[in-house]
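Worksheet: one structure, shown below.
There are 2 protein chains.
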Amino acid sequence: MVQYILQPDPTAAGLTRRLSGVDQNGDTQQVNVVEERPLTIFLNGQEIVTAMTIGDYPEYLAIGFLKNQGMLAAKETVHAVDYDQELETVVVRTDGTTKYEEKLRKKTRTSGCAVGTVFGDMMEGLEGLRLPTTPLRVSWLYALSKTINTTDSLYLNAGAIHGTVLCQEDSPLVYMEDVGRHNAVDKIAGWMHQTQANSADKILYTTGRLTSEMVIKCALMGIPVLASRSGFTAWGVEIANQVGLTLIGRFRGQRFMCLSGQERLIWDGAHD
Amino acid sequence: MVQYILQPDPTAAGLTRRLSGVDQNGDTQQVNVVEERPLTIFLNGQEIVTAMTIGDYPEYLAIGFLKNQGMLAAKETVHAVDYDQELETVVVRTDGTTKYEEKLRKKTRTSGCAVGTVFGDMMEGLEGLRLPTTPLRVSWLYALSKTINTTDSLYLNAGAIHGTVLCQEDSPLVYMEDVGRHNAVDKIAGWMHQTQANSADKILYTTGRLTSEMVIKCALMGIPVLASRSGFTAWGVEIANQVGLTLIGRFRGQRFMCLSGQERLIWDGAHD
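Chains as they are written, first to last, in this note's numbering: chain A, 300 to 571; chain B, 300 to 571.
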């Protein structure tokens, strides 16, 4: 019996809805469908973005989003997170205004949208970054994949959702799901920021593709291993090699491809 | 032999890269991986957003993005689209400044990021919108799925990419792929804007999930049928019912679910 610290609760109210439709034979069917709602994230007095989310863990999502966008420094103390379900807003309050707010005001005067510039900031954050060379046992990968895939989840109950799991060795610790693949990762980042979790000994498992932004997020979170059942983009692989991230993709059952950090793999896994 | 107007060219230079890695047995393997690069979109003098894209059809992507974000009215004439491969920018030039630029300047003064507000604009665009009640033959769906899935594509060659296909009856017409599922749809929108294509008799097929934003885009494009091999979100289904969009999901082989517009289906499809 695996002990998660946090794991999906498919029975939780408000995360799925039972809808009626017809199948390919014209027969009426009831299906579970995931919810999706807007959540507008504020940093102190500054509106930052409206995210489409399933709606659970709004505080972790907001903190993690700001952290992963480089708007919240590691040392910055979040002294309050005010979530208003009715207004669909969450306000992250830090001690004093953050450097980012000034920057944002300046940028938005000249540039239409902060998001374009924020990606540049994320890239800057990578300069000189080298992740710890934590070894990875192939047997851990197989154990994690088996446990995660058999954990009751919104994915198994309703589909159309992405999952991200923070793991340590062969144990999954925190399993987050969301309609946006990035939201699920941001919720993990929010949890890590609030619990001051150590990142050097962690493995991040995601159902999402290994794009540049996913790889950058994992690197900025300080996690040295990123594994996905989906595939790669060339830029994602490039960045992984640059920062020393062990990158595992196309990972299903006991098959995978490693395109970065293969020298850190320990081949103790059972093979077919 | 199906005649596409535009279809993927997996052999095109610069869209995929051959990378070396190791598989689950530690054996060195060569794999094709899709490229991903930033493209900054300008509307006249205004920087709008930086999109991560595979890089083909930047002009269609830019026009379609602006159109789908409500920044470019149907009647607005694009008199030039300047793509600079080196600077990774594309500038869409319209006759005079668009209403949107003023609006954006106003909004960005009060709100951190235009994207949050733009979604509001997209919702506004739906008010009072009713799509034509175009009938849909189930046999068309099966024919399209078969043709599209056997069309040589970046997906078949490298994976980790989304596809969107503009179709008419049982014929796929324009097949676009991109690392971002929304980019592929935006490229279709850009092509439709530039060719002044009729939308009432079209079907949009996507590999992406049927989220609110995907449904809104399809509706604003005036296309009455949206089909996906992926699943639904509750809000996506709600909007589809509101605007009279026929929504087909979980569509693989000869299995699917219809959660909106089932009364417009014609049951002439072959069943197993």
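Virtual Cβ for every residue (Gly too), placed ideally from N, Cα, C.
Residue i vs residue j beta-carbon contact at 8 Å
i: A:A526; j: A:L544; result: no
i: B:L546; j: B:S529; result: no
i: B:K501; j: B:G363; result: no
i: B:V484; j: B:K516; result: yes
i: A:I565; j: A:P434; result: yes
i: A:N536; j: B:V332; result: Note on residue identity: the sequence assigns Val, not Asn, to residue 536 of chain A. Yes, they are a contact pair.
i: A:L465; j: A:L440; result: no
i: B:T532; j: A:A459; result: yes
i: A:K366; j: A:H492; result: yes
i: A:A499; j: A:G521; result: yes
i: A:I471; j: A:T505; result: The identity of residue 471 of chain A in the sequence shown is Pro, whereas the question assumes Ile. Contact: no.
i: B:L338; j: B:V389; result: yes
i: A:G369; j: A:G313; result: no
i: A:W490; j: A:S511; result: no
i: A:D322; j: A:Q328; result: yes
i: B:G552; j: B:S444; result: yes
Closest by C-alpha distance to residue i, when choosing among the options
i: A:E334; options: A:Y382, A:T315, A:M422 and A:V464; result: A:T315
i: B:F341; options: B:P523, B:Q561, B:W534 and B:P357; result: B:P357
i: B:R554; options: B:V437, B:E385 and B:S470; result: B:V437
i: B:L371; options: B:V391, B:Y382, B:Q384 and B:W534; result: B:V391
i: A:A457; options: B:L425, B:R508 and B:G427; result: B:R508
i: B:R336; options: B:N324, B:I304, B:A442 and B:E385; result: B:E385
i: A:R429; options: A:P523, A:G325, A:D322 and A:V330; result: A:P523
i: A:Y359; options: A:P309, A:R317, A:L305 and A:Q561; result: A:L305
i: A:T393; options: A:E387, A:P309 and A:A373; result: A:A373
i: B:E562; options: A:P309, A:D326, A:R549 and A:P307; result: A:D326
i: B:G548; options: A:Y303, A:L318, A:D308 and A:P307; result: A:L318
i: A:P576; options: A:Q467, A:T494 and A:H461; result: Given a span of 300 to 571 for chain A in the structure shown, any question on residue 576 of chain A remains unanswerable.
C-beta neighbour in chain A for residue i, strict 8 Å
i: B:C412; result: Only weak support exists for where B:C412 lies, its pLDDT of 39 falling under 50; the value from the coordinates is given anyway. B:C412 counts as touching chain A.
i: B:W534; result: yes
i: B:F364; result: no
i: B:S438; result: no
i: B:G543; result: no
i: B:A459; result: yes
i: B:G415; result: Low per-residue confidence applies at B:G415: pLDDT is 43, beneath 50, and the placement is therefore not dependable enough to give any value.
i: B:L558; result: yes
i: B:L318; result: yes
i: B:D381; result: no
i: B:R480; result: no
i: B:K514; result: Going by the sequence as given, residue 514 of chain B is Val instead of Lys. Output row for B:V514: interface = no.
i: B:V391; result: no
i: B:D326; result: no
i: B:V332; result: yes
Closer than 8 Å to chain B by CB, residue i
i: A:D567; result: no
i: A:G323; result: Position check: residue 323 of chain A holds Gln in this sequence, whereas Gly was assumed. Yes, A:Q323 lies at the interface with chain B (some Cβ there is under 8 Å from its Cβ).
i: A:T510; result: yes
i: A:Q329; result: no
i: A:Q561; result: yes
i: A:M421; result: no
i: A:G313; result: no
i: A:M351; result: yes
i: A:R554; result: yes
i: A:S452; result: no
i: A:S529; result: yes
i: A:K405; result: Low confidence applies here, because A:K405 scores a pLDDT of 47, under 50, leaving its location unreliable and the question unanswered by this model.
Beta-carbon separation (whole angstroms), residue i vs residue j, contact threshold 8 Å
i: A:A496; j: A:V514; result: The Cβ separation is near 20 Å, so there is no contact.
i: A:G320; j: B:C557; result: 5 Å
Under 8 Å from the C-beta of residue i: neighbouring residues of chain D
i: A:E335; result: The structure shown contains no chain D; its protein chains are A and B.
Task: Stretch-stretch touch, CB-based, cutoff 8 Å, three pairs: the segment 434–452 of chain B with the segment 460–478 of chain B - done: yes
Task: Inter-stretch contact (C-beta, 8 Å, three-pair minimum) for the segment 372–382 of chain B and the segment 346–355 of chain B - done: no
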